[in-house]
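Below is one structure; the comments refer to it alone.
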Amino acid sequence: MTSTMPSPAPTTAFTANSAAEPSAPLSALPAILGTYKRQAPLFVRGDGVYLYDEHGKKYLDLVAGIAVTSLGHNDPGVVNAMQEALATGLIHTSNLYRTAPGEALAQWFVDHSFASSVFFANSGAEANEGAFKFARRWGGTQGFTHKHHIIAVRGSFHGRMPGTLAATDRPAYRLPFRPLMGGVTIVERDLDELARALHPEKTAAVIVEPIQGEGGVRVVDPEFLRGLRALTRERNVLLILDEIQCGLGRTGTFFAHEQIGVVPDMLTIAKPLANGLPIGAILVNDAVARAMQPGDHGTTFGGGPLLAHVAHHVVQRLSDPAMLQHVRETGAWFGEQLQGIADRTGQVRAIRGKGLMWGMDVHEPAAAIIGRAFEKGLLLVSAGEHTLRFLPPLVITKAELAAGLAILESVMLA
Numbered sequence: 000m001t002s003t004m005p006s007p008a009p010t011t012a013f014t015a016n017s018a019a020e021p022s023a024p025l026s027a028l029p030a031i032l033g034t035y036k037r038q039a040p041l042f043v044r045g046d047g048v049y050l051y052d053e054h055g056k057k058y059l060d061l062v063a064g065i066a067v068t069s070l071g072h073n074d075p076g077v078v079n080a081m082q083e084a085l086a087t088g089l090i091h092t093s094n095l096y097r098t099a100p101g102e103a104l105a106q107w108f109v110d111h112s113f114a115s116s117v118f119f120a121n122s123g124a125e126a127n128e129g130a131f132k133f134a135r136r137w138g139g140t141q142g143f144t145h146k147h148h149i150i151a152v153r154g155s156f157h158g159r160m161p162g163t164l165a166a167t168d169r170p171a172y173r174l175p176f177r178p179l180m181g182g183v184t185i186v187e188r189d190l191d192e193l194a195r196a197l198h199p200e201k202t203a204a205v206i207v208e209p210i211q212g213e214g215g216v217r218v219v220d221p222e223f224l225r226g227l228r229a230l231t232r233e234r235n236v237l238l239i240l241d242e243i244q245c246g247l248g249r250t251g252t253f254f255a256h257e258q259i260g261v262v263p264d265m266l267t268i269a270k271p272l273a274n275g276l277p278i279g280a281i282l283v284n285d286a287v288a289r290a291m292q293p294g295d296h297g298t299t300f301g302g303g304p305l306l307a308h309v310a311h312h313v314v315q316r317l318s319d320p321a322m323l324q325h326v327r328e329t330g331a332w333f334g335e336q337l338q339g340i341a342d343r344t345g346q347v348r349a350i351r352g353k354g355l356m357w358g359m360d361v362h363e364p365a366a367a368i369i370g371r372a373f374e375k376g377l378l379l380v381s382a383g384e385h386t387l388r389f390l391p392p393l394v395i396t397k398a399e400l401a402a403g404l405a406i407l408e409s410v411m412l413a
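Letter by letter, the sequence shown follows residues 0 to 413 in numbering that gives the first Met the number 0.
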């Protein structure tokens with residue numbers, strides 16, 4: 000009789016405490032911690048609005064690294080800026096010392112925004128965490144002992160770090176990490192509720208995204224934002240605008256809030272700032288800047304000379320009037336084409352967006368459409384279980400978008 004006993008499981012040279020051993024063999028675990036479900040195959044090259052895998056297959060990229068590579072892949076200007084920075088041999092000095100690229104980039108933002116000072120971070124989540132600290136530091140200068148509370152609005156996504164996670168309205172992200180950081184509250188996107196929540200002696204700041212990206216690409220009502228700005232001024236509360244995803248040209252103006260007529264006290268930006276290199280920033284007004292003192296906050300890498308030099312090139316490109324006009328015109332056309340797909344397929348519940356940032360609510364799970372599109376060479380990303388999110392490089396043409404839309408329509412009808 001043939002034995003049906005399974006073969007012994009492979010062993011490893013080193014075994015930790017047996018009570019803490021993983022359920023799967025170590026060889027089956029990914030070398031990169033499995034916090035993402037990465038799609039195969041392996042990408043090896045990028046060019047313009049396309050990525051290429053190890054087999055030479057081409058994929059039209061309507062994700063742009065989640066609103067990051069706004070100038071596309073392998074952009075000659077970005078590559079040249081990187082080479083210029085590398086040629087100096089000055090890649091890192093820490094923030095103990097001055098460098099020309101960091102100061103030039105900061106001055107550019109001061110010259111082109113409401114800000115009087117800029118703090119450079121490494122990512123969007125770090126920028127928002129820093130903004131919370133700045134708000135609390137400012138609150139402590141206003142004559143009240145407990146003016147440190149932060150308020151976010153329903154539908155928000157501000158990051159996955161301790162403070163930003165507490166301000167992020169995604170239960171699946173929050174639940175495994177409770178208890179969350181205290182002193183942060185999420186309220187409905189309603190001025191009456193905010194008026195009840197904002198306390199002049201306790202509330203330091205309100206944070207809001209002009210367009211809620213992860214929250215389903217929901218364009219926040221300009222009247223709401225204007226009312227919120229008036230309310231925060233009345234209550235002596237800081238207004239933080241999070242333009243990490245919707246800022247830097249994506250909506251057709253360099254800053255999204257330019258279209259609303261609202262000036263924040265702090266602005267956080269990141270994703271496309273250096274077209275893929277890791278840098279974020281907090282832009283602050285004079286009142287916040289004066290509250291901050293040496294030693295109040297820090298970063299080892301933020302605003303280093305290599306990143307700052309590339310970012311300086313990128314912001315000049317993204318703020319160019321011709322670029323912004325292209326985004327407005329192409330974005331309006333793209334929205335019309337999405338509506339056409341909705342009308343023809345009957346598979347769409349709603350479409351929302353502005354510029355080249357759009358969301359499409361679909362009946363079937365978004366992941367199913369994304370998977371079929373991937374097989375046909377189209378990269379898409381979701382913004383919730385039933386929402387497709389479109390964040391193409393800002394340099395994309397109508398012809399390139401039309402090719403992607405044709406694939407999208409075909410897989411929605413499959």
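The C-beta atom is built at its ideal place from N, Cα and C for all residues, glycine as well. This structure is a prediction, so every number in the text was calculated from the model and none was measured.
Enclosing beta strand (DSSP E) for residue i [first to last residue]
| i | result |
| --- | --- |
| residue 132 | Looking at the DSSP string, residue 132 is not in any beta strand (DSSP E); the run it does join, the alpha helix (DSSP H), is 123-138. |
| residue 279 | 279-283 |
| residue 414 | Since the displayed the chain opens at 0 and closes at 413, residue 414 lies outside it and no answer follows. |
| residue 356 | 356-361 |
Residue range of the unbroken alpha helix (DSSP H) whose run includes residue i
| i | result |
| --- | --- |
| residue 333 | 320-344 |
| residue 191 | 190-196 |
| residue 406 | 397-411 |
| residue 316 | 304-317 |
| residue 110 | 99-110 |
| residue 81 | 75-86 |
Inter-residue spacing [alpha-carbon to alpha-carbon] between residue i and residue j
| i | j | result |
| --- | --- | --- |
| residue 413 | residue 47 | 29 Å |
| residue 23 | residue 30 | Any reading at residue 23 needs caution, since the residue's pLDDT is 48, under 50, leaving its predicted position unreliable; the model's value is listed next. Distance between the alpha carbons of residue 23 and residue 30 is about 14 Å. |
| residue 168 | residue 241 | 14 Å |
| residue 211 | residue 90 | 34 Å |
| residue 358 | residue 390 | 9 Å |
| residue 313 | residue 333 | 24 Å |
| residue 41 | residue 56 | 10 Å |
| residue 37 | residue 250 | 28 Å |
| residue 328 | residue 92 | 42 Å |
| residue 62 | residue 380 | 6 Å |
| residue 303 | residue 80 | 14 Å |
| residue 392 | residue 143 | 46 Å |
| residue 87 | residue 281 | 27 Å |
| residue 18 | residue 205 | In this predicted model, residue 18 has a pLDDT of only 40, less than 50, meaning its place in the structure is not dependable enough to derive any value. |
| residue 20 | residue 308 | No answer about residue 20 holds up, because its pLDDT of 42 lies below 50 and its placement is not dependable. |
| residue 64 | residue 276 | 11 Å |
Which residues DSSP lists as bridging residue i, in chain order
| i | result |
| --- | --- |
| residue 45 | 50 |
| residue 172 | DSSP, once it has assigned bridges, lists no residue as partnering residue 172. |
| residue 148 | 202 |
| residue 353 | 356 |
| residue 211 | 217 |
| residue 235 | Looking at the DSSP assignment, residue 235 forms no beta bridge with any residue, so it has no partner. |
| residue 268 | 280 |
Close beta carbons around residue i, own chain, < 6 Å, minus the five adjacent residues each side
| i | result |
| --- | --- |
| residue 184 | 150 |
| residue 259 | 221, 224 |
| residue 219 | 209 |
Own chain partners of residue i with C-beta closer than 8 Å, once the 5 adjacent residues on each side are dropped
| i | result |
| --- | --- |
| residue 406 | 59, 372, 375, 376, 377 |
| residue 297 | 94 |
| residue 326 | 248, 249, 250, 251, 354, 355, 393 |
| residue 385 | 348, 360, 361, 362, 363, 364, 365 |
| residue 341 | 347, 350, 359 |
| residue 145 | 200, 201 |
Integer Cβ distance of residue i from residue j, believed to fall under 8 Å
| i | j | result |
| --- | --- | --- |
| residue 236 | residue 203 | 7 Å |
| residue 263 | residue 238 | 5 Å |
| residue 421 | residue 274 | Residue numbering for the chain in the displayed model covers 0 to 413; residue 421 lies beyond these limits and cannot be assessed. |
| residue 163 | residue 124 | 5 Å |
| residue 155 | residue 208 | 6 Å |
| residue 148 | residue 127 | Not confirmed; about 16 Å, so no contact. |
Same chain, Cβ closer than 7 Å to residue i, neighbours up to 5 away in sequence not counted
| i | result |
| --- | --- |
| residue 285 | 115 |
| residue 295 | 136 |
| residue 290 | 136, 137, 140 |
| residue 194 | 230 |
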